[in-house]
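Some notes on the structure that comes next.
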Ligand SMILES: *Cc1c(COP(=O)(O)O)cnc(C)c1O
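Shown next, in the form of structure tokens:
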């Protein structure tokens, strides 16, 4: 194996670029010593709400907790069906199961990788008709950075009276029309895991909403269901907060975030220009902006291509090799191979290429030239 042309995600290059800002921000936290829910956390929440274009942002421990807190704020639990995709990171469905609700999977669109609105409608009607579970929420995922088709999803949510949650862990920074990722549905969530488009140096997450009742519920739930304070408990909650040092890192990174998304878009345009015609490229439909969390191609020689590229110094990743309905953790849901053909087919075809804002044109061209 030769040396890598680039890391898959280059956090080191970003750190070199932001070193002094990050250092200063962290120093300030060490000076004031309010490590939990310090001033950086509220400053960050204000800026994130503004950039998403919503009234409230409430930060928390990670993106999985953000989903759990959103579901808890909507008072979802046992006996409830929550519709989501089997083609996503496990956490999306896991959060549904943790609170005792049942994930009901819905297949994705083969071109956008996101929930198929037609199949969603059918699934809600089926659950309604069977009467075993109460259709309680929809979690749409902005996979690989591309917002789901909210123009079609929001009317379905209203028609059936089933609240919509946006899992923008990968989508934050993207948009649809005039609206930013993080602003769709009743409540949206994101993750600041280091590899996400906006990542911190540990775990972090947030929820976004225009509804004050949901924002207030999440503020209580993230601190043990607090009432007046954490020694007055009005509901069963969690311990899930973003710490001030992580907020400090995010404040420094937020200053360059819009520019970084533009750099990611430039990298995507170079890939489009230089990749050979036999590779199926990701598609961003008219009116959408992707945050390009991943640049994911499709190939009918997934394993061979992955190995070939690594031999040429190009690291790649398979997101996701196994759809959630086929995971051992979900045997009790009794799904079968063939239940979600698009997700299953994608799992065997996808390959994500290096994507980060610090990739330059010659490197992208070298990656493209490494293709067989
Ligand atoms: C990363 C991710 C999560 C979970 O975020 P964590 O911060 O790792 O808990 C949830 N959903 C999706 C789609 C993700 O990519």
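Residue numbers (this note's numbering): 19 to 390. Beta carbons are placed, not taken as given, at the ideal position from N, Cα and C, and that holds for glycine.
task = Put residue 136 into one of helix, strand or coil per three-state DSSP.
result = Position 118 of the chain shown, counting from 1, holds the residue named residue 136. Residue state, collapsed to three classes: helix.
ask   = Would the beta-carbon of residue 209 be found less than 8 Å away from any heavy atom of ligand 1?
value = To locate residue 209, count along the chain shown from 1; it is residue 191. Checking every heavy atom of ligand 1 against the Cβ of residue 209, one is found closer than 8 Å.
key: Within 9 Å, strictly: CB atoms of residue 156 and residue 223   = Translated into positions along the chain shown, residue 156 becomes position 138. Translated into positions along the chain shown, residue 223 becomes position 205. Result no, Cβ atoms of residue 156 and residue 223 do not sit closer than 9 Å.
task = Could you say if the region 97-108 and the region 124-135 meet the contact criterion of at least three C-beta pairs nearer than 8 Å?
result = yes
query = Should residue 230 be flagged as near chain B, meaning a C-beta pair shorter than 9 Å?
reply = Of the chains in the structure shown, none is chain B; there is only one protein chain.
ask   = How many whole angstroms separate the CB atoms of residue 189 and residue 305, which I take to be in contact at a CB cut-off of 8 Å?
value = Counting from one through the chain shown, the residue named residue 189 turns up at place 171. Counting from one through the chain shown, the residue named residue 305 turns up at place 287. Actually they are not in contact, since the Cβ atoms of residue 189 and residue 305 sit about 15 Å apart, beyond 8 Å.
query = How about residue 145 and residue 99: do their beta carbons lie closer than 9 Å?
reply = In the chain shown, counting from the first residue as 1, residue 145 sits at position 127. In the chain shown, counting from the first residue as 1, residue 99 sits at position 81. Yes.
query = By Cβ distance, which residues of its chain are closer than 7 Å to residue 166, with the 5 residues on each side in sequence left out?
reply = Here residue 166 refers to the residue found at position 148 of the chain shown. Scanning its chain for C-beta atoms nearer than 7 Å, with the 5 sequence neighbours on each side dropped, one finds around residue 166 the residues 132, 133, 158, 159, 160, in chain order.
inquiry  = Please classify residue 246 as buried or exposed, where buried requires at least 16 neighbouring CB atoms within 10 angstroms.
reply    = Mapped onto the chain shown, residue 246 falls at position 228. Label assigned to residue 246: exposed.
message = Nearer than 8 Å: is that true of the beta carbon of residue 12 relative to any heavy atom of ligand 1?
response = Here the chain comprises residues numbered 19 to 390, so residue 12 is not present and cannot be evaluated.
Proximity of residue 215 and residue 309 at Cβ, strictly below 9 Å = Translated into positions along the chain shown, residue 215 becomes position 197. Translated into positions along the chain shown, residue 309 becomes position 291. Yes, they are a contact pair.
message = I'd like to know whether the C-beta atoms of residue 210 and residue 217 end up nearer to each other than 9 Å.
response = To locate residue 210, count along the chain shown from 1; it is residue 192. To locate residue 217, count along the chain shown from 1; it is residue 199. Contact flag set, yes.
query = Can you tell me where the beta strand (DSSP E) with residue 74 in it begins and where it stops?
reply = If you number the chain shown from 1, residue 74 lands on position 56. Per DSSP, the unbroken beta strand (DSSP E) holding residue 74 starts and ends at 74-78.
query = From which residue to which residue does the alpha helix (DSSP H) around residue 83 run?
reply = Residue numbering aside, residue 83 sits at position 65 when the chain shown is read from its first letter. Its alpha helix (DSSP H) spans residues 81-91.
ask   = Is any heavy atom of ligand 1 found at a distance shorter than 8 Å from the C-beta of residue 82?
value = Indexing the chain shown from 1 puts residue 82 at position 64. For ligand 1, at least one heavy atom lies less than 8 Å from the Cβ of residue 82.
request  = For the alpha helix (DSSP H) containing residue 351, list its first residue and its last residue.
outcome  = One-based indexing of the chain shown puts residue 351 at position 333. Segment: none, residue 351 is in no alpha helix (DSSP H) and carries neither H nor E.
request  = Kindly confirm or deny that the region 366-375 and the region 325-335 touch, where touching means at least three C-beta pairs closer than 8 Å.
outcome  = yes
message = Using CA atoms only, rank isn't needed, just tell me which of 116, 255, 162, 354 is closest to residue 301.
response = In the chain shown, residue 301 corresponds to position 283, counting from 1. Of the listed residues, the one whose Cα sits closest to residue 301 is 162.
ask   = Can you tell me where the beta strand (DSSP E) with residue 219 in it begins and where it stops?
value = Here the question's residue 219 lines up with position 201 in the chain shown. No beta strand (DSSP E) contains residue 219, which DSSP labels as neither H nor E.
task = Indicate the three-state DSSP secondary structure (helix, strand or coil) for residue 32 in the structure shown.
result = Taking the chain shown and counting its residues from 1, the one referred to as residue 32 is at position 14. Reduced to three states, the DSSP call for residue 32 is helix.
key: Runs of beta strand (DSSP E) lying entirely within the region 283-326, each at least 3 residues, in chain order   = Along the region 283-326, the beta strand (DSSP E) occurs as fully enclosed runs of 3 or more residues at 313-316, listed in sequence order.
key: Alpha-carbon to alpha-carbon, residue 52 and residue 149   = The residue given as residue 149 occupies position 131 in the chain shown. The residue given as residue 52 occupies position 34 in the chain shown. Rounded to the nearest angstrom, the two C-alpha atoms are 50 Å apart.
ask   = When every heavy atom of ligand 1 is checked, does at least one fall within less than 8 Å of the C-beta of residue 45?
value = By 1-based counting over the chain shown, the position of residue 45 is 27. No, ligand 1 has no heavy atom inside 8 Å of this Cβ.
query = Secondary structure at residue 194, three-state DSSP: helix, strand or coil?
reply = Locating residue 194 in the chain shown gives position 176, where the first residue counts as 1. In the structure shown, residue 194 sits in a strand (DSSP, three-state: E or B).
task = Reducing DSSP to helix, strand and coil, say where residue 129 ends up.
result = Residue 129 sits at position 111 when you count from the first residue of the chain shown. It is coil, neither helix nor strand.
query = DSSP on residue 224, reduced to helix/strand/coil?
reply = One-based indexing of the chain shown puts residue 224 at position 206. In this structure, residue 224 counts as strand in the three-state DSSP scheme.
inquiry  = Output needed for residue 255: all residues of its chain with C-beta closer than 6 Å, excluding positions within five of it in sequence on either side, in chain order.
reply    = As a first step, residue 255 must be located in the chain shown, where it is residue number 237. Counting only Cβ-Cβ distances below 6 Å, and skipping sequence neighbours, we find 239, 242, 243.
key: Spatial distance of residue 253 from residue 235 (CA atoms)   = On the chain shown, position 235 is the one that residue 253 refers to. On the chain shown, position 217 is the one that residue 235 refers to. So the alpha carbons of these two residues sit roughly 9 Å apart.
request  = State the beta-bridge partners of residue 98 as determined by DSSP.
outcome  = To locate residue 98, count along the chain shown from 1; it is residue 80. Note: residue 98 sits in a beta bridge opposite 152.
request  = Find the nearest neighbour of residue 266 within the set 35, 42, 27, judged by alpha-carbon distance.
outcome  = Start at 1 with the first residue of the chain shown, and residue 266 comes out as number 248. Of 35, 42, 27, the smallest CA-CA separation from residue 266 is found for 42.
inquiry  = How far does the alpha helix (DSSP H) with residue 164 in it extend, from its first residue to its last?
reply    = In the chain shown, residue 164 corresponds to position 146, counting from 1. Where residue 164 is concerned, there is no enclosing alpha helix (DSSP H), given that its DSSP letter is neither H nor E.
request  = Within its chain, find whatever has a CB closer than 7 Å to the CB of residue 219; leave out the 5 residues flanking it on each side and keep chain order.
outcome  = For the purposes of this step, residue 219 is taken as the residue at position 201 of the chain shown. Shown here for residue 219: same chain residues with a beta carbon closer than 7 Å to its own, the five before and five after excluded, namely 212, 264, 267 in chain order.
ask   = Roughly how many angstroms separate the alpha carbons of residue 72 and residue 184, rounded to a whole number?
value = Residue 72 sits at position 54 when you count from the first residue of the chain shown. Residue 184 sits at position 166 when you count from the first residue of the chain shown. Each residue's Cα considered, the two are about 13 Å apart.
ask   = With burial defined as no fewer than 16 other Cβ atoms inside 10 Å of the residue's Cβ, what is the status of residue 140: buried or exposed?
value = Counting from 1 along the chain shown, the entry for residue 140 is found at position 122. That one is exposed.
request  = With DSSP as the reference, please indicate the residues paired to residue 369 in a beta bridge.
outcome  = Taking the chain shown and counting its residues from 1, the one referred to as residue 369 is at position 351. BP columns for residue 369 point to 315.
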